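Below is one structure, written out as structure tokens; the observations come after it.
Protein chains: 2
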Amino acid sequence: MKPSFKFRGSPNFIMQQTYQKLARKLEELGQLEQIMGILHWDQEVIMPRGATQARAAQIASLAGVAHEKRTDPAVGELLNQLESNGPANLGPHELCNIREARRAYDRETKVPMELVQELAELSSKGHHIWAKAREENKYSDFAPVLERLIELQKQWAHHIEPETPTYDVLMDIYERGLTMEHVDPIFELLKTELVPLIRAIQESDYQPDTSFLQGEFSVAQQEKLGRTISEALGFDFDKGRMDVSVHPFCGGADPTDVRITTRYGSDNFMESLFAVIHETGHAMYEQGRMERDRALPVSEALTTGIHESQSLFWERMISKQKAFCEHYMELFATTFPDNLKEVSVQAFYEAINICRPSFIRVESDEVTYPMHIILRYEIEKGIFDGTYAVSELPEVWNNKMQDYLGIRPATDAEGILQDVHWSGGAFGYFPSYTFGAMYACQFYNAIRKETPDLEQWIRKGEFQSIRQWLSQKIHVKGKLLSTEALLREVTGEVLNPQYFVAYLKNKYHEIYRLGPSN
Amino acid sequence: MKPSFKFRGSPNFIMQQTYQKLARKLEELGQLEQIMGILHWDQEVIMPRGATQARAAQIASLAGVAHEKRTDPAVGELLNQLESNGPANLGPHELCNIREARRAYDRETKVPMELVQELAELSSKGHHIWAKAREENKYSDFAPVLERLIELQKQWAHHIEPETPTYDVLMDIYERGLTMEHVDPIFELLKTELVPLIRAIQESDYQPDTSFLQGEFSVAQQEKLGRTISEALGFDFDKGRMDVSVHPFCGGADPTDVRITTRYGSDNFMESLFAVIHETGHAMYEQGRMERDRALPVSEALTTGIHESQSLFWERMISKQKAFCEHYMELFATTFPDNLKEVSVQAFYEAINICRPSFIRVESDEVTYPMHIILRYEIEKGIFDGTYAVSELPEVWNNKMQDYLGIRPATDAEGILQDVHWSGGAFGYFPSYTFGAMYACQFYNAIRKETPDLEQWIRKGEFQSIRQWLSQKIHVKGKLLSTEALLREVTGEVLNPQYFVAYLKNKYHEIYRLGPSN
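Residue numbers (our numbering), protein chains in the order written: chain A, 110 to 627; chain B, 110 to 627.
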């Protein structure tokens, strides 16, 4: 066989050079975005309070530079050259970077600058108006902003995909490929199955004791416990940090600089602990990314929903299961002996899995959470297809709460004004929370099928092979596959909500003594 | 009197518009530099150790963007337009921004890109080679890098100012306007006066007791003490932070986000305390900057030497004087009772002002420090005028140490390899330390003349009016005046090294019982 030579000037060589030019530009942009990550983290965790205005100006300047770079006509030109040559002689990583760069370039260049600016300004102003309206419980103060944001998002979506329904274009920002056609039957199934389950739980004669979760819990001890468990699950503190912020989050820069936060209240240790575990799940996705192309799109997390699946995998599927409680009960009891010395594993397990309808999404449990999401999904869908007027949304909200959870908010602050998302113009984000929960459950089912003694490992506190499984099957895959293809590869089938339904029914039938679940 | 109208299209209006365009560009650049400040601070204080490589790439990308912005031909065009119209109808702030922008633009565009890149790469590589050479005490490993850095700096200076001696061009980077012609007689005077003083101090029969400064000092107590004193001097913790790093520094972003660091050793509380006071002096310069134009050159610190004068003003002129010890002795004694309960103010004052020749610049005291600087100045001067070859520098160094301080380093590590500066290509920086010390002394003399009861205030711990004096006379002036003009305005005369000499002679004649100082 003759060796094949590649010449300078050959089409392949030129394509490689063109690709390298594009990659350098994307990498520069990736690094600027990493810097933005550090600025945001710093602002939430470290920054002196007097620096708010200066930081806003810094972020605006950096965002301006990033926008210039993203819309650089040279990027468009490189993309045209690469695309006109077809996929020949480029590998899957290169093709993915080209695909993602095209998507980002189109999104940045298809929308008129005035619309982008009005959206940015109104989102920033909207946040303050929303916060004040929530504080004063006055939906009418927020309604005009909401009205305008909806109008602007309609325009934005029309520029991006004129033939596609607005709400599908918006969901696609966060959960690539998600459409109402796809979501509707899944959410209908969840409603059909979970509304009666929630009712049965509420009506059960047996209600777990949670009294020992109240009390005084030293913040220093909480922090120590959180670090111990985060490290045991696999968070690499050489490539990350754990700090405190008002709202827990996972941020930072690249896979070697992943920063999680939590918050501590001395009257409750579960909140800080589960926040740590949740953010550790996000963080391990970031730390587990592929070794190559780390400042390029291909190595980045696939979607918001897949990211959420990683946090929920550890928070719900692992750390809210009985085997986990069995492993850590002794540590919990020695950390907080006054409260937990006498508590059995079963009592502890039941208490941390209490199911109780609540007005507030972020305070709700894994059974009621999907109802909060479905309510928002239906409202967002109705906003964009014209079913609901902005003025009637509080009423719609409250009726749906009544129907799905059997409770009715007394104020808009604990109803329609509770979430920050809409004030920043983020419509279509909510479904990814519940898709994340369903993915997490399906992933858990897959690893369990492959590893029948999975719960034995958990009972022994051996999490390394679980983290490696997630890393090799999901984290290192970046954006190489679509969500659907990833699910097929990892679990053998596309999203199947029955896993999630079965998981909830089995678990809560047992906890609440509701008899066999089918 | 008829009111004067300004029309759109009038020359004044056009000039204003042109200026505003320039200012927006400079402001964007200023904000990117502030971001760089946060990245550097984060790297030294917070960053996970695994993130070194990613951070270097982020910084390189941001530096690349800043370079593009600084050399943007549109900046050159705006400067040409503004300069061709002369100073009419622009105020001093605007004219200063134009002047500074011109200087920066010329410096960035006059030097060929290949030279800039070789310098950047060699400086970065040079740092590692120097660190290793110092560790292994092998000057010969560092010499070739030093040789090449000197050659590159000669080329650089020639591109900037072909008619000016290289070393003057280099000193001008840090201390605008400083020339050998200016420095030579001043450093000669210092040598003439201080070499005999140092000898007399060494030969004095009276040597203060410093034993109580050794011992065990709780780090938590040190931190509390540092914060208390920093705040008392006037550091605004709402617009800044205090943390820990390997080398103390003052960094951060803008005047609302000034971040100082110190380091703690449990065997020594003076080091952390004086580092805090020193950095507090730098920080108050930053926090005291003018309210307008905060991301523009006019509001920035005047020179490296003036910056150093602010840190040394507080570290030496204020906190190493007896009145300061009188005020804080009780706090020191209650903070560290095991060590200081029985120590008198006079004994404490003498101990913290001990003068003792040392091989290492950063460990030296205010009397011997200028000798370390003069030695480096003479060597740098000789490097660039061809007097010294790189190979003979260790010998030159050791001989000068012998002449000026009466001690001879046994190794290059405690001799010529001790400082980081040259490894990064920074020649001409050292003089600004001693000019800062002389400015500080002259400023102190000026405020003392205006305020005869100054030491009464210090004895009572009332520092606010001192800080305000510095702020109004120096900090808010930014770059509006030259150093010479600033000194004239604040002290009534240009730099007069006699204040510094008299201060040292008076103070150390008293401490070491050397009799009247003249």
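The C-beta atom is built at its ideal place from N, Cα and C for all residues, glycine as well.
Every value quoted in this text rests on a predicted model; they were computed, and no experiment measured them.
| Check | Outcome |
| --- | --- |
| Proximity test, Cβ basis, 8 Å: B/Glu137 and chain A | yes |
| Where B/Asn715 falls: helix, strand or coil (DSSP) | Residue coverage of chain B in this structure runs from 110 to 627, which leaves residue 715 of chain B outside it and unanswerable. |
| Burial state of A/Lys588, where buried means 16 or more other Cβ atoms lie within 10 Å | buried |
| CB contact check: A/Lys115 to chain B, cutoff 8 Å | The predicted model places A/Lys115 with a pLDDT of 49, which falls under 50 and marks its position as unreliable; any figure quoted below should be read in that light. No - not a single Cβ of chain B is within 8 Å of the one on A/Lys115. |
| Secondary structure of A/Val529, DSSP reduced to three states | coil |
| Inter-residue CB distance, A/Gly349 and A/Ala392 (contact presumed, cutoff 8 Å) | 6 Å |
| Three-state class that DSSP yields for B/Thr560 in the structure shown | coil |
| A/Arg308 - DSSP class collapsed to helix/strand/coil | helix |
| Per-residue burial, A/Asn203 [other beta carbons within 10 Å of its own, 16 or more giving buried] | Contrary to the premise, residue 203 of chain A reads as Glu rather than Asn in this sequence. Per the 10 Å Cβ criterion, buried. |
| Residues that B/Lys348 contacts on chain A, provided the C-beta gap is smaller than 9 Å | Pro157, Arg158, Gly159 and Ala160 |
| Contact under 8 Å by Cβ, A/Tyr373 with A/Val355 | no |
| Local conformation of B/Thr370 per DSSP, three classes | strand |
| Residues of its chain near B/Val599, where Cβ-Cβ distance is below 7 Å and the 5 sequence neighbours each way are ignored | Phe552, Ala555, Lys582 and Ile583 |
| Cβ of B/Asp181 within 8 Å of any chain A Cβ | no |
| C-beta neighbour in chain B for A/Asp402, strict 8 Å | no |
| Cβ contact check for the stretch 523-538 of chain B and the stretch 480-496 of chain B: 3 or more pairs under 8 Å | yes |
| C-beta contact flag for B/Ile631 and B/Thr477 at 8 Å | Limits of chain B in this structure are 110 at one end and 627 at the other, which puts residue 631 of chain B out of reach. |
| Any C-beta of chain B under 8 Å from that of A/Asp363 | yes |
| Residue of B/Ile155, B/Met145 and B/Lys558 minimising C-alpha distance to A/Ser170 | B/Met145 |
| CB contact check: B/Ser170 to chain A, cutoff 8 Å | yes |
| Within-8 Å CB hit, B/Gly173 to chain A | yes |
| Start and end residues, alpha helix (DSSP H) containing A/Cys205 | Pro201 to Lys219 |
| Any 3 or more C-beta pairs closer than 8 Å across the stretch 467-486 of chain A and the stretch 301-316 of chain A | yes |
| Residues near B/Ser119 in its chain [Cβ-Cβ closer than 6 Å; skip 5 each side] | none |
| Host beta strand (DSSP E) of B/Cys434 (start-end) | First-last for B/Cys434: Lys431 to Thr444, but that is the alpha helix (DSSP H), not the beta strand (DSSP E). |
| Contact residues within the stretch 128-153 of chain B, judged by C-beta distance below 7 Å to chain A | Glu137, Gln140, Leu141, Gln143, Ile144, Ile147, Leu148 and Asp151 |
| Alpha-carbon spacing of B/Tyr497 relative to B/Val505, whole angstroms | 8 Å |
| Beta-carbon proximity check, A/Leu279 vs A/Trp531, cutoff 8 Å | no |
| Proximal residues to B/Ala442 (C-beta, below 6 Å), its chain only, five neighbours per side dropped | Leu449 and Lys450 |
| Nearest-angstrom Cβ-Cβ length linking A/Ile369 and A/Leu342, presumed shorter than 8 Å | The pair is not a contact, with the Cβ atoms about 11 Å apart (cut-off 8 Å). |
| B/Ala163 at chain A interface by Cβ criterion, 8 Å | yes |
| 8 Å Cβ cutoff, A/Gln262 in contact with chain B | no |
| Counterpart residues of B/Asn508 in DSSP-defined beta bridges | Looking at the DSSP assignment, B/Asn508 forms no beta bridge with any residue, so it has no partner. |
| Selection from A/Asp366, A/Ala242, A/Leu322 and A/Thr444 that minimises the alpha carbon distance to A/Ile338 | A/Thr444 |
| First and last residue of the uninterrupted beta strand (DSSP E) at A/Arg350 | Gly349 to Val353 |
| Of the residues A/Asp366, A/Glu136, A/Lys509 and A/Glu142, the one placed nearest A/Arg401, counting alpha carbons only | A/Glu136 |
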